[in-house]
Structures are given as C-alpha cells and as structure tokens.
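Participant:
2 protein chains.
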Amino acid sequence: MNKAPKEQFFLQPVVNGSSGDLVTDLSVAIYEHRLLPGTKLGEDELSDIYNVSRTVVRAALQALSHLQLVELRRNRGAFVSQPTVREAREIFEARALLEPRTARSAAERMTDAALARLEAHIEAEHEAIHAGEQGKAVRLSGQFHIEISHIADQATIAEFIERLVARSSLIVAIYWRRQSALCDKHAHHALVEAFRRKDGAEAEALMKSHLLDILSALDLRETAKPQTSLKSILGKSPD
Amino acid sequence: MNKAPKEQFFLQPVVNGSSGDLVTDLSVAIYEHRLLPGTKLGEDELSDIYNVSRTVVRAALQALSHLQLVELRRNRGAFVSQPTVREAREIFEARALLEPRTARSAAERMTDAALARLEAHIEAEHEAIHAGEQGKAVRLSGQFHIEISHIADQATIAEFIERLVARSSLIVAIYWRRQSALCDKHAHHALVEAFRRKDGAEAEALMKSHLLDILSALDLRETAKPQTSLKSILGKSPD
DNA sequence: GTGCACAAAACTGTATACAATAAGGCAATA
DNA sequence: TATTGCCTTATTGTATACAGTTTTGTGCAC
Numbered sequence: 009m010n011k012a013p014k015e016q017f018f019l020q021p022v023v024n025g026s027s028g029d030l031v032t033d034l035s036v037a038i039y040e041h042r043l044l045p046g047t048k049l050g051e052d053e054l055s056d057i058y059n060v061s062r063t064v065v066r067a068a069l070q071a072l073s074h075l076q077l078v079e080l081r082r083n084r085g086a087f088v089s090q091p092t093v094r095e096a097r098e099i100f101e102a103r104a105l106l107e108p109r110t111a112r113s114a115a116e117r118m119t120d121a122a123l124a125r126l127e128a129h130i131e132a133e134h135e136a137i138h139a140g141e142q143g144k145a146v147r148l149s150g151q152f153h154i155e156i157s158h159i160a161d162q163a164t165i166a167e168f169i170e171r172l173v174a175r176s177s178l179i180v181a182i183y184w185r186r187q188s189a190l191c192d193k194h195a196h197h198a199l200v201e202a203f204r205r206k207d208g209a210e211a212e213a214l215m216k217s218h219l220l221d222i223l224s225a226l227d228l229r230e231t232a233k234p235q236t237s238l239k240s241i242l243g244k245s246p247d
Numbered sequence: 009m010n011k012a013p014k015e016q017f018f019l020q021p022v023v024n025g026s027s028g029d030l031v032t033d034l035s036v037a038i039y040e041h042r043l044l045p046g047t048k049l050g051e052d053e054l055s056d057i058y059n060v061s062r063t064v065v066r067a068a069l070q071a072l073s074h075l076q077l078v079e080l081r082r083n084r085g086a087f088v089s090q091p092t093v094r095e096a097r098e099i100f101e102a103r104a105l106l107e108p109r110t111a112r113s114a115a116e117r118m119t120d121a122a123l124a125r126l127e128a129h130i131e132a133e134h135e136a137i138h139a140g141e142q143g144k145a146v147r148l149s150g151q152f153h154i155e156i157s158h159i160a161d162q163a164t165i166a167e168f169i170e171r172l173v174a175r176s177s178l179i180v181a182i183y184w185r186r187q188s189a190l191c192d193k194h195a196h197h198a199l200v201e202a203f204r205r206k207d208g209a210e211a212e213a214l215m216k217s218h219l220l221d222i223l224s225a226l227d228l229r230e231t232a233k234p235q236t237s238l239k240s241i242l243g244k245s246p247d
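Protein chains in written order, with my numbering: chain A, 9 to 247; chain B, 9 to 247.
1) Which term fits His-138 (chain B), buried or exposed, when burial requires 16 or more other beta carbons within 10 angstroms of its beta carbon?
2) Span of the alpha helix (DSSP H) holding Glu-79 (chain A)?
3) For Ala-102 (chain B), would you say it is in contact with chain A, using Cβ-to-Cβ distances shorter than 7 Å as the test?
4) For chain B, find out if any of its Cβ atoms is closer than 7 Å to the Cβ of Thr-47 (chain A); answer yes or no.
5) Where does Val-88 (chain A) fall in DSSP's three states?
6) Which same chain residues end up closer than 6 Å to Leu-214 (chain B) when comparing Cβ atoms and leaving out the 5 residues on each side of it in sequence?
7) Is there contact here, the segment 101-117 of chain A with the segment 143-151 of chain A, by at least three beta-carbon pairs under 8 Å?
8) Run down chain B in chain order and give the residues with a C-beta less than 8 Å from the C-beta of Gln-162 (chain A).
9) Just checking: is the beta-carbon of Ile-222 (chain B) within a distance shorter than 7 Å of some beta-carbon in chain A?
10) In chain order, what residues of the same chain have a beta carbon less than 6 Å from the beta carbon of Ala-86 (chain A), not counting five sequence neighbours either side?
11) Where does Lys-48 (chain A) fall in DSSP's three states?
12) Ignore the nearest five residues each way along the sequence and tell me which others in Ser-26 (chain B)'s own chain have a CB closer than 7 Å to its CB.
13) Among A:Arg-186, A:Lys-193, A:Lys-206, A:Ile-182, whose alpha-carbon lies nearest the alpha-carbon of His-41 (chain A)?
14) Would Glu-210 (chain B) and Pro-108 (chain B) be called neighbours here (beta carbons separated by less than 7 Å)?
15) Alpha carbon to alpha carbon, how far is Val-36 (chain B) from Arg-175 (chain A)? Give it in angstroms, no decimals.
16) Does His-138 (chain A) come within less than 7 Å of chain B when only Cβ atoms are used?
17) Identify the continuous alpha helix (DSSP H) that holds His-158 (chain B) and give its terminal residues.
18) Rounded to whole angstroms, how far is the Cβ of Leu-30 (chain B) from the Cβ of Val-64 (chain B), which I believe are closer than 8 Å?
19) Where does Leu-30 (chain B) fall in DSSP's three states?
20) Would you mind sorting Leu-61 (chain B) into buried or exposed? The rule is 16 or more other CB atoms within 10 Å of its CB.
21) Would you say His-153 (chain A) reaches chain B, if we count a Cβ-Cβ gap shorter than 7 Å as a contact?
22) Quick check for students: name the residue ranges of the alpha helix (DSSP H) that lie wholly in the segment 203-228 of chain A, counting only runs of 4 or more.
23) Quick check: what's the CA-CA separation for Ala-67 (chain B) versus Val-88 (chain A)?
24) State the Cα-Cα distance for the pair Gln-16 (chain B) and Ile-57 (chain B), rounded to the nearest angstrom.
25) Applying a beta-carbon distance threshold of less than 8 Å, which residues of chain A neighbour Ala-71 (chain B)?
26) So which residues of chain B does Ala-67 (chain A) contact, with C-beta pairs closer than 9 Å?
27) What do you get for Ser-224 (chain B), buried or exposed, if any count of 16 or more other CB atoms within 10 angstroms of its CB means buried?
28) Give me the chain B residues within the contact set of Ile-156 (chain A), using Cβ-Cβ distance strictly less than 7 Å, ordered along the chain.
29) Report all residues from its chain with a CB closer than 8 Å to the CB of Arg-171 (chain B); omit the five preceding and five following residues, and keep chain order.
30) Which two residues bound the contiguous alpha helix (DSSP H) that contains Thr-63 (chain B)?
31) Any beta carbon from chain A within less than 7 Å of Ile-159 (chain B)'s own beta carbon?
32) How far does the alpha helix (DSSP H) with His-138 (chain B) in it extend, from its first residue to its last?
33) If you draw a straight line from the C-alpha of Arg-112 (chain A) to the C-alpha of His-194 (chain B), how long is it?
34) Buried or exposed: Gly-46 (chain A), going by 16 or more other Cβ atoms within 10 Å of its Cβ?
35) Assuming Leu-226 (chain B) and Ile-179 (chain B) form a contact by the criterion Cβ under 8 Å, report the distance between their Cβ atoms to the nearest whole angstrom.
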C-alpha cells in the first residue's frame, strides 16, 4: 500500500516486515532527533508503517513510555516526551551523582577489549560528525556513556544511566544552545586516555567536568524556549 | 467453570470487577510476599480473577516487567522475578549510593506536613507488626524509604529508589535470614528524629547504617538457597 | 463576525478470535 | 524398564472488531 510515505522519512524505512524491534527503531529515531519531542505517535500510523497490528504498536509504545521516552496520555495517544526545565536539571543532577563514580569503577575494571570498544566508538562518533550526520553523532555520544556504565559491571546502575542518557537526548533536542558539532569530542578522548592508564580518580574527575560542560551548553532558563510546549499544543506533526 | 480459586488467596479478593489498578494490586501482593518469587502469573488465570480481558492483563504484566518485579519469558509467560545473589548485592550497592544522600536532602527540605506523614507511616508499620501482618509490615517498611525519597523532591532519583525498593522486597522474600519481626523499627524512628531536627548529616549517616543493617540480615552466600534457582528450572509452581 | 451547540469523524481502550509456540503425556521400541 | 519420538493440550503472540472518548467541523443564533 502506498500511503503515508511522509512519516517514513523520520523512521527507519522498514522494508515491509520486521527490520528488527519496533522499540529499538523508535528509540533510535528519538535518539537521533528524527522524532522530536512533542511529536504525536499515532497507533494506526505506526501500524501502517511497520505492517504490524496496533496490538504490537501499543506494546512498543508502552515500553517506550516506561523508558520515559514517550508520554502516554489517556485517550489522547502517545507523544515523544518533552522534559521540562526542572526535569532536565534533575536528570543531570542524577547523572552527576552516578556517572563519575561509575567512570572510576570502569577505569579500575578496564580491559583491553573494552578499551578497544570505546576507541572504536569514538572513531564512529568522529565519522558521523564528519559525514554531517549530526543526529547519529548525538546518539553515539550518548551510547559512549552507556558503554562505560556497562564496563563498570554494575547492571543496576548501568540501567539507570541508560535511562538518564536516553532522556538526556530529549533534553538536548529541546534545550541545546549551540548549533555547532558536539563539543565533547575531546572530553571523550581524554576519558579514554584515563581509562587506558586505569586512572580511576582522573576518570571520575573528567566525567564530572564533562557532565558540567554538557549542562552548561544547555539553555535551561525557565523563560527560554517557549516554542517547545507551544509546538506540542498547536502543531500536531512536524511537517 | 469453577477453576483455580486457589490463587485468590494470594491476590486481593477483588469483588468481581475493578477494585482498582491491576498493576497496583499485583505490586502490593508481591511487596507483601503473598506472591513469591518464581510464581507463574498466567494470563488466563489473572483475567479470570480480575474479570478483565487478557489484553489488560498483558499490559499490566508488561508494566510490572518494566519495574522488574516480574520477568517475561517469550512464549513462556510471566513469573515473579527472582533476583540473583549478584543482583541483590548490586541493588543494595545502588541503594547505598542513592539513599543516604537523598535522606540528607529530605532532612533539609523537611516540612511539618511531611514529618507528620512519616510519623503516621511508622505508626502503621507498628500496627501491622503487632497485628501479625508481616507481609504488610514489609511493604510499609519499604514505602517508608519511598516516602523519604519523595520528600527529597528529586523525582528522577525518587523513581530509581522506588525501583530499588521494589526489587528489595523480592530480595527479602528470598534471602531474608531472620524470621522475627523487622529489625528496622528503631532505625526508622531514629531517622524521623533526625528529620525533625532537620539534621541532614545525621539522617545521611543513619540511612547508610540502616541499609547496611538490612544487607547484613540477608544471607547472600553464593552457595546458599540453591532451591531458588532450582525451583525456577525444575519446579513450575510453588504449591 | 463571534461564540456556542450539536454532530460526525478520528482515535484510543477493551474484548475476543485465531495462529504459533512450548509443555506434557502416551505409546512404541530398544 | 528406560528412552525417544510424536501427538495432544495448554498457553502465549498477534490481529481484528467493537465500544467509549476526545477532537473537529459545521451550522445556527446572537
């Protein structure tokens, strides 16, 4: 059926069937800012695009809502979440609480294999930036933090960090101030160097300042960016 | 058909309709150890008990699985989660990381109303213990921690603590060593006293030692309690 | 021209029917 | 008697139909 090709630009061009997990596809699209905060995710729309029934779409949307990537409003539908300024602050406070210590832990447990993974990751980030794929760069940048949390080998805390990073990508989509490429290119590199030396204290310090850097690149004034909520009230789809 | 009235002993005796939220009911049952780790939660069974369709049961089970209170196995069904020894340690490490600081925060923001709520909560705990309702006491004991996290007014971290407390109740169900009543009766009281004085440092210290107390009351030797994993592999239902 | 009321359309919430998969039992054979 | 293979049964995965709610559009009155 040749209908609604509009949204297919925002989502993976699933070749008529299961390209993989619906949750994953949507997550990636949100991570990469192809689906922006406030976007309505209609059930019929998604079931058309992915050629599955609304049942599985609903399950996917529910899963995403538990990750707080989408917000479900009863009888209204699913929307990509729009973290408030307050939530944004809270999320970065939580990250500042969890991630530096986790980076230390990761440094102490670092292996050659893990180090290689991180280096490959940074390489991929650079490539994405140079290729002008800013969305992909944002996503990889977040996944770098997730990778570190997994190396720290604390699944429970890693899961929390994963959730925080996910929501952070929404925050970046809304509140990011600079248009230029990501500024944390060097920060990630410096972190890897600390990891190579298994210098836990340095890794912890670097992570802490790195998070502060990101936070300082956000415009979290209460009065700023009113267009965000406005978009969610007025506009329905991001044409 | 007059089948499976057995499970109705474990669940709220819903009077033929909606007593409230299915997720809440199941959560409470798990919190109170009426549903034990490893218990199979069949969809038909639940839809019979609650007089709703499998659709809503599935949604509830999915929600609980995202809270990590139940584990979903594809084509196998839903089971009350059975945290491993390792997960138990991780969960309490995470609590030790988050809760003491949160207690300090709560102390600094304490209001009369919040204090009254906490005192009422402790009162309810005592009543449950004296009434011999051990399950209810366990649940209230956990909710005390959740209440504190809400007072700290950091929704993101409060949500994490909520998840940790939820899983902790599973851990207690599996690994709790002592049969006697909960030992943290005085710990909670001492915390409230610190809160009353708005003594953040004291609250932080008390919470830290309180968590260590709980941890020390668990039997987390790797070799202990093999019947847990065994039960999940061999046994199907805990009759 | 503006505002309100009513109706119709679109969408979500729920139930149910069917398909697919896994579990358990029975029989046949070694 | 133990084991293996198949078949029956039970349970989950998915699709679809219907009911309820929200939204939107139209028309009438002011």
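Cβ coordinates follow ideal geometry from the N, Cα and C atoms, glycine included. Note that the structure is a prediction, hence the values are computed from the model and not measured.
Facilitator: Here's the rundown:
1) exposed
2) Counting along the chain, Glu-79 (chain A) falls outside any alpha helix (DSSP H), though it belongs to the beta strand (DSSP E) covering 78-81.
3) yes
4) no
5) strand
6) Ala-198, Leu-199, Ala-202
7) no
8) Glu-98, Glu-101, Ala-102
9) no
10) Leu-49, Leu-69, Val-78, Leu-80
11) strand
12) Per-residue confidence for Ser-26 (chain B) stands at a pLDDT of 33, beneath the threshold of 50, marking its modelled position as unreliable; no derived number is given.
13) A:Ile-182
14) no
15) 29 Å
16) no
17) 142-159
18) 7 Å
19) helix
20) Note on identity: in this sequence residue 61 (chain B) is Ser, with Leu being the wrong assignment. It counts as exposed.
21) no
22) 208-224
23) 20 Å
24) No answer about Gln-16 (chain B) holds up, because its pLDDT of 32 lies below 50 and its placement is not dependable.
25) Gln-70, His-74
26) Arg-66, Ala-67, Gln-70
27) exposed
28) Those do not exist, as Ile-156 (chain A) stays about 16 Å from chain B at its closest Cβ, beyond 7 Å.
29) Leu-75, Gln-76
30) 62-74
31) no
32) 120-138
33) 35 Å
34) buried
35) 7 Å
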